[in-house]
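To start, the structure under review is shown below, and the notes come after it.
In the working numbering, the protein residues as written are 460 to 588.
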(Lines of atoms letter the chains of each structure in order from A; the text may use other names.)
(Lines give C-alpha, C1' and ligand atoms only; values in the text may rest on other atoms or scores of the structure.)
Protein backbone atom coordinates (compact mmCIF):
# COMPACT_ATOMS: atom_id res chain seq x y z
CA UNK A 460 0.00 0.00 0.00
CA UNK A 461 1.39 3.38 -0.91
CA UNK A 462 2.14 6.04 1.67
CA UNK A 463 -0.29 8.36 -0.09
CA UNK A 464 -3.09 6.44 1.63
CA UNK A 465 -2.08 8.22 4.84
CA UNK A 466 -2.81 11.63 3.37
CA UNK A 467 -5.95 13.41 4.57
CA UNK A 468 -6.06 15.22 1.23
CA UNK A 469 -5.98 11.91 -0.66
CA UNK A 470 -8.73 10.45 1.53
CA UNK A 471 -10.86 13.58 1.10
CA UNK A 472 -10.59 13.34 -2.68
CA UNK A 473 -11.04 9.57 -2.81
CA UNK A 474 -14.27 10.05 -0.84
CA UNK A 475 -15.39 12.56 -3.46
CA UNK A 476 -14.78 9.99 -6.18
CA UNK A 477 -16.62 7.19 -4.38
CA UNK A 478 -19.53 9.55 -3.74
CA UNK A 479 -19.54 10.69 -7.39
CA UNK A 480 -19.72 7.09 -8.58
CA UNK A 481 -22.50 6.14 -6.17
CA UNK A 482 -24.39 9.36 -6.95
CA UNK A 483 -23.98 9.11 -10.75
CA UNK A 484 -27.67 8.27 -11.18
CA UNK A 485 -28.71 11.09 -8.80
CA UNK A 486 -29.33 8.85 -5.78
CA UNK A 487 -27.28 6.64 -3.50
CA UNK A 488 -28.77 3.24 -2.80
CA UNK A 489 -28.24 1.46 0.52
CA UNK A 490 -26.35 -1.30 -1.31
CA UNK A 491 -23.95 1.32 -2.72
CA UNK A 492 -23.29 2.73 0.77
CA UNK A 493 -22.63 -0.77 2.06
CA UNK A 494 -20.30 -1.48 -0.86
CA UNK A 495 -18.33 1.69 -0.15
CA UNK A 496 -17.91 0.59 3.48
CA UNK A 497 -16.76 -2.87 2.34
CA UNK A 498 -14.30 -1.43 -0.18
CA UNK A 499 -12.86 1.05 2.30
CA UNK A 500 -12.52 -1.63 4.99
CA UNK A 501 -10.92 -4.11 2.60
CA UNK A 502 -8.76 -1.92 0.38
CA UNK A 503 -8.19 1.56 1.79
CA UNK A 504 -7.44 1.25 5.51
CA UNK A 505 -3.87 1.65 6.69
CA UNK A 506 -2.41 0.71 10.04
CA UNK A 507 -1.03 4.18 10.64
CA UNK A 508 -4.01 6.39 9.86
CA UNK A 509 -7.68 6.63 10.65
CA UNK A 510 -8.42 7.23 6.99
CA UNK A 511 -11.60 5.16 7.17
CA UNK A 512 -13.35 7.83 9.25
CA UNK A 513 -11.94 10.61 7.07
CA UNK A 514 -13.52 8.97 4.01
CA UNK A 515 -16.86 8.27 5.70
CA UNK A 516 -17.13 11.76 7.20
CA UNK A 517 -16.45 13.37 3.82
CA UNK A 518 -19.12 11.23 2.15
CA UNK A 519 -21.62 12.07 4.92
CA UNK A 520 -20.92 15.78 4.38
CA UNK A 521 -21.36 15.45 0.61
CA UNK A 522 -24.72 13.73 1.11
CA UNK A 523 -25.79 16.31 3.68
CA UNK A 524 -24.78 19.20 1.39
CA UNK A 525 -26.52 17.67 -1.64
CA UNK A 526 -23.40 17.86 -3.80
CA UNK A 527 -23.87 16.60 -7.35
CA UNK A 528 -21.95 13.69 -8.78
CA UNK A 529 -20.39 16.00 -11.36
CA UNK A 530 -19.15 18.46 -8.73
CA UNK A 531 -17.67 15.65 -6.63
CA UNK A 532 -16.00 14.07 -9.66
CA UNK A 533 -14.54 17.43 -10.69
CA UNK A 534 -13.05 17.78 -7.20
CA UNK A 535 -11.31 14.41 -7.65
CA UNK A 536 -10.27 15.27 -11.21
CA UNK A 537 -8.65 18.53 -10.10
CA UNK A 538 -6.80 16.67 -7.34
CA UNK A 539 -5.48 14.10 -9.83
CA UNK A 540 -4.30 16.82 -12.20
CA UNK A 541 -2.56 18.69 -9.39
CA UNK A 542 -0.97 15.54 -7.95
CA UNK A 543 -0.54 13.32 -11.01
CA UNK A 544 2.80 11.87 -9.90
CA UNK A 545 1.19 9.94 -7.03
CA UNK A 546 -1.21 8.12 -9.35
CA UNK A 547 0.92 5.13 -10.25
CA UNK A 548 -0.53 2.46 -12.53
CA UNK A 549 -1.00 0.24 -9.44
CA UNK A 550 -2.90 2.92 -7.51
CA UNK A 551 -4.97 3.85 -10.56
CA UNK A 552 -6.00 0.21 -11.09
CA UNK A 553 -6.98 -0.08 -7.43
CA UNK A 554 -9.12 3.06 -7.68
CA UNK A 555 -10.79 1.92 -10.90
CA UNK A 556 -11.50 -1.54 -9.47
CA UNK A 557 -13.07 0.02 -6.36
CA UNK A 558 -15.31 2.24 -8.49
CA UNK A 559 -16.44 -0.66 -10.66
CA UNK A 560 -17.40 -2.55 -7.49
CA UNK A 561 -19.51 0.37 -6.28
CA UNK A 562 -21.32 0.52 -9.63
CA UNK A 563 -22.02 -3.20 -9.63
CA UNK A 564 -23.50 -3.18 -6.12
CA UNK A 565 -26.97 -2.10 -7.26
CA UNK A 566 -28.55 -3.50 -10.43
CA UNK A 567 -25.24 -3.56 -12.31
CA UNK A 568 -23.89 -0.52 -14.16
CA UNK A 569 -26.28 2.03 -15.60
CA UNK A 570 -25.59 4.56 -18.34
CA UNK A 571 -24.67 7.40 -15.95
CA UNK A 572 -22.21 5.18 -14.12
CA UNK A 573 -20.68 3.91 -17.36
CA UNK A 574 -20.10 7.48 -18.54
CA UNK A 575 -18.47 8.42 -15.23
CA UNK A 576 -16.30 5.30 -15.31
CA UNK A 577 -15.20 6.17 -18.86
CA UNK A 578 -14.17 9.64 -17.66
CA UNK A 579 -12.30 8.06 -14.75
CA UNK A 580 -10.46 5.64 -17.03
CA UNK A 581 -9.49 8.48 -19.35
CA UNK A 582 -8.35 10.66 -16.44
CA UNK A 583 -6.19 8.00 -14.82
CA UNK A 584 -4.84 6.57 -18.08
CA UNK A 585 -3.80 10.05 -19.26
CA UNK A 586 -2.16 10.60 -15.88
CA UNK A 587 -0.14 7.44 -16.29
CA UNK A 588 0.83 8.09 -19.90
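Just so you know, even glycine gets a beta-carbon here, dropped at the ideal spot from N, CA and C. In this text, all values refer to a predicted model and were calculated from it rather than measured experimentally.
Through-space distance from residue j to residue i, alpha-carbon basis
| i | j | result |
| --- | --- | --- |
| residue 525 | residue 545 | 29 Å |
| residue 462 | residue 495 | For residue 462, the predicted structure reports a pLDDT of 48, less than 50, and the residue's modelled location is therefore unreliable. The matter cannot be settled from this model. |
| residue 540 | residue 585 | 10 Å |
| residue 485 | residue 522 | 11 Å |
| residue 570 | residue 491 | 16 Å |
| residue 479 | residue 572 | 9 Å |
| residue 543 | residue 578 | 16 Å |
| residue 497 | residue 552 | 17 Å |
| residue 575 | residue 509 | 28 Å |
Three-state class that DSSP yields for residue i in the structure shown
| i | result |
| --- | --- |
| residue 474 | helix |
| residue 571 | helix |
| residue 541 | helix |
| residue 488 | coil |
| residue 530 | helix |
| residue 483 | coil |
| residue 502 | helix |
| residue 509 | coil |
Nearest candidate by alpha-carbon position, reference residue i, set the options
| i | options | result |
| --- | --- | --- |
| residue 499 | 576, 572 and 554 | 554 |
| residue 471 | 575, 537 and 552 | 537 |
Contacts around residue i, its chain only, beta-carbon distance under 7 Å, and the 5 residues preceding and following it disregarded
| i | result |
| --- | --- |
| residue 467 | 513 |
| residue 455 | Summary: the structure shown does not reach residue 455, with the chain confined to residues 460 through 588, and so no result is reported for it. |
Same chain, Cβ closer than 6 Å to residue i, neighbours up to 5 away in sequence not counted
| i | result |
| --- | --- |
| residue 559 | none |
| residue 482 | 528 |
Short CB-CB distance (under 7 Å) between residue i and chain D
| i | result |
| --- | --- |
| residue 544 | Reference to chain D is not applicable here, since this structure consists of a single protein chain. |
8 Å Cβ shell around residue i - same chain, five flanking residues per side excluded
| i | result |
| --- | --- |
| residue 557 | 477, 498, 502 and 503 |
| residue 511 | 499, 500, 503 and 504 |
| residue 580 | 555 |
| residue 561 | 477, 480, 481, 491, 494, 495 and 498 |
For this session: For the segment 526–540 and the segment 463–479, state whether three or more C-beta atom pairs, one from each stretch, are separated by less than 8 Å.
Result: With a cut-off of 8 Å, the segment 463–479 and the segment 526–540 count as touching, because enough Cβ pairs lie within range.
For this session: Take every Cβ of the segment 516–524, pair it with every Cβ of the segment 556–566, and state whether three or more of those distances are shorter than 8 Å.
Result: no
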